[in-house]
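According to full-length UniProt numbering, the sequence shown is numbered sequentially starting from 1. Reading through the structure tokens given below for one structure.
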Amino acid sequence: MAHAVVAGAGIGGLTAALALARNGWQVTVLEQAASIEPVGAGLAVAPNALRALDVIGLGDEVRKLSAIQGEAGLRRPSGRWLSRTTAEDAAARYGDSTVLLTRSALVGILAARLPEDALRLGTRAESADPGTGLVTLTIPTGGTETIRADLVVAADGIRSRTRAALFPGHPEPVYTGVTSWRAIVPCPGAVGASETWGAGLVFGVMPLAGGQVYCYATAPVAAGLRAESEKDELIRLFGRWHDPIPALLAAADPDAVLRHDIYALDTPLPAFHSGRIALLGDAAHPMTPNLGQGACQAIEDAVVLARHVSPGSPTQITGGLAAYSRERLARTTPIVRRSRLIGRISGWRDPLAVALRDGAMRAAGLLGPAVAVRQFDSVFRWPA
Ligand SMILES: Cc1cc2nc3c(=O)[nH]c(=O)nc-3n(C[C@H](O)[C@H](O)[C@H](O)COP(=O)(O)OP(=O)(O)OC[C@H]3O[C@@H](n4cnc5c(N)ncnc54)[C@H](O)[C@@H]3O)c2cc1C
1 MAHAVVAGAG IGGLTAALAL ARNGWQVTVL EQAASIEPVG AGLAVAPNAL RALDVIGLGD
61 EVRKLSAIQG EAGLRRPSGR WLSRTTAEDA AARYGDSTVL LTRSALVGIL AARLPEDALR
121 LGTRAESADP GTGLVTLTIP TGGTETIRAD LVVAADGIRS RTRAALFPGH PEPVYTGVTS
181 WRAIVPCPGA VGASETWGAG LVFGVMPLAG GQVYCYATAP VAAGLRAESE KDELIRLFGR
241 WHDPIPALLA AADPDAVLRH DIYALDTPLP AFHSGRIALL GDAAHPMTPN LGQGACQAIE
301 DAVVLARHVS PGSPTQITGG LAAYSRERLA RTTPIVRRSR LIGRISGWRD PLAVALRDGA
361 MRAAGLLGPA VAVRQFDSVF RWPA
């Protein structure tokens, strides 16, 4: 049986392993961490990714465990709405609205479907040879091992060592100038989804199933800065913004507030493959979170990859990988750029620029929710 080795058991790697296994591949998933429990944060899964999950039979399970975004929109720190859409508008246009769930719920669904014994935890892929498919691993005891793969899927994240080895000299992801916070907060009452833009600051609220709310925030600061208490830092920055933000921050567990600086790959790779190796997800196209598409694109990558490579001859596999590369570069490059642009605009601090930006968004918002939804056509309508 043809053997695919997947390096990385994030959302991208797990989805790729499932999609390949469904198409007749024997899969081995290598994960350097001792467990696959993801960070305690939420995730927006957009209609395009739900359709990709449908291809591997998991769309409905994800829909069932999710909260529907309901009414969502963009606000100012005062609470004034700049634009609004509803789940119904999105569903009418795309067949689904964006759904919200915890990362651990999604990873749990994916991991539960892996073939028995496919996952090797505490095992790091050290190198992979694009010509022979030989993968060298460090195993939990600290020793090394070599395994042969017909196909290697590098889903090893934003700091991908496979990307660096395949494309030496290619620019690394750059710091975008923005740091992010994330927290899941208990919230017994109903709250709607919103993202609020101030002068350089962003705060997002996403209702989850089970009386929880996922909050995220961004601010422009130097890389690597950390506060003594990230919860206090959030209260300092956002504690006077509109309801329910102050109450959500007050309810946050200080130990559960995550902080990460945002990096993105501004120069697209020349290809997402080399020989028998495919790059996928953040390893291929790390992007800012502003469009909520990083994991969604990783999921799309996975099902497209499985469609292009059948467990046949080496020529079929390398030919399939070239087709995968072409299709996914064309799809993801504009999304990476758009996400970065939104990040830049939401980071504006100059009061005049912010007033002009908000005025333009308010004017666009007056055209109604159906028009607001349409701006996502090129992202959510997939396959085109
Ligand atoms: C603040 C924030 C909010 C976001 N919100 C959203 C959102 O709402 N919706 C959305 O779609 N996206 C969102 N994203 C983006 C999303 O989190 C990522 O794009 C996605 O998780 C990438 O998945 P991945 O599987 O490619 O990589 P990762 O999740 O990074 O997984 C890589 C895995 O590979 C393992 N690994 C690394 N190197 C090796 C090795 N050599 N050997 C073995 N294992 C290895 C790592 O331990 C890790 O488990 C957000 C990102 C941020 C920062």
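Built from N, CA and C at the ideal position, the CB exists for glycine as well.
Do residue i and residue j have their C-beta atoms closer together than 8 Å?
i: L106; j: I11; result: yes
i: A90; j: Q293; result: no
i: L279; j: R381; result: no
i: G343; j: Y214; result: no
i: L82; j: D266; result: no
i: W348; j: R259; result: no
i: L321; j: F167; result: no
i: S127; j: L100; result: no
i: R328; j: F272; result: yes
i: Q32; j: T123; result: yes
i: L121; j: L18; result: no
i: A183; j: A256; result: yes
i: V29; j: L20; result: no
i: P186; j: G211; result: yes
i: L291; j: V379; result: yes
i: P311; j: G24; result: yes
How should residue i be labelled, buried or exposed, when 16 other C-beta atoms within 10 angstroms of its C-beta is the threshold for buried?
i: H308; result: buried
i: A72; result: buried
i: Q297; result: buried
i: R103; result: buried
i: S325; result: buried
i: G189; result: exposed
i: E233; result: buried
i: residue 385; result: Residue 385 is absent from the model: the chain starts at 1 and stops at 384.
i: R170; result: According to the sequence provided, residue 170 is His. The question's Arg does not apply to it. So H170 counts as exposed.
i: T132; result: exposed
i: G157; result: buried
i: D96; result: buried
i: M361; result: buried
i: V39; result: exposed
i: A383; result: Note on residue identity: the sequence assigns Pro, not Ala, to residue 383. Exposed is the call here.
i: M1; result: exposed
i: P254; result: exposed
i: G13; result: buried
i: P351; result: exposed
i: R374; result: exposed
i: T315; result: exposed
i: T146; result: exposed
i: G365; result: buried
i: S346; result: buried
i: R148; result: exposed
i: R340; result: buried
i: A9; result: buried
i: A125; result: buried
i: A112; result: exposed
i: A252; result: buried
Could you round the C-beta distance between residue i and residue j to whole angstroms and report it? I think they count as a contact, below 8 Å.
i: V202; j: V5; result: Not confirmed; about 38 Å, so no contact.
i: P130; j: G275; result: 3 Å
i: T85; j: A372; result: 5 Å
i: residue 423; j: L237; result: The structure shown does not extend to residue 423, since the chain is modelled only from 1 through 384, so no value can be given for it.
i: E300; j: A7; result: Wrong, their Cβ atoms sit about 19 Å apart, outside the cutoff.
i: I262; j: T288; result: 6 Å
i: residue 385; j: T196; result: Here the chain covers residues 1 to 384 and nothing more, so residue 385 does not appear.
i: S160; j: A323; result: The pair is not a contact, with the Cβ atoms about 21 Å apart (cut-off 8 Å).
i: V354; j: A264; result: At roughly 22 Å, the Cβ-Cβ gap does not stay under 8 Å, so V354 and A264 are not in contact.
i: A193; j: P207; result: 6 Å
So if DSSP puts residue i in a beta bridge, which residue, or which two residues, is it bridged to?
i: V99; result: V45 and I68
i: F203; result: T196 and A217
i: I245; result: Answer by DSSP bridge pairing: none, since I245 is not bridged.
i: R84; result: G73
i: P186; result: Q212
i: L280; result: L280 is not bridged to any residue.
i: D261; result: T179
i: S127; result: T136
i: S274; result: I277
i: E145; result: L137
i: Q26; result: H3
Check whether the segment 294-308 and the segment 240-254 are in contact - that is, three or more C-beta pairs closer than 8 Å. The segment 294-308 makes no contact with the segment 240-254, as fewer than three CB pairs between them are under 8 Å.
Counting pairs of beta carbons, one from the segment 139-157 and one from the segment 172-186, are three or more of them closer than 8 Å? Segments in contact, no.
Contact between the segment 223-231 and the segment 143-153: three or more CB pairs below 8 Å? Taking a cut-off of 8 Å on C-beta distances, the segment 223-231 does not touch the segment 143-153, as fewer than three cross pairs fall below it.
Three or more C-beta pairs under 8 Å: does that hold for the segment 44-64 against the segment 328-336? Proximity of the segment 44-64 to the segment 328-336 falls short of the contact definition, fewer than three beta-carbon pairs being nearer than 8 Å.
Is it true that the segment 193-207 meets the segment 62-81, where meeting means three or more beta-carbon pairs spaced less than 8 Å apart? The segment 193-207 makes contact with the segment 62-81, as at least three CB pairs between them are under 8 Å.
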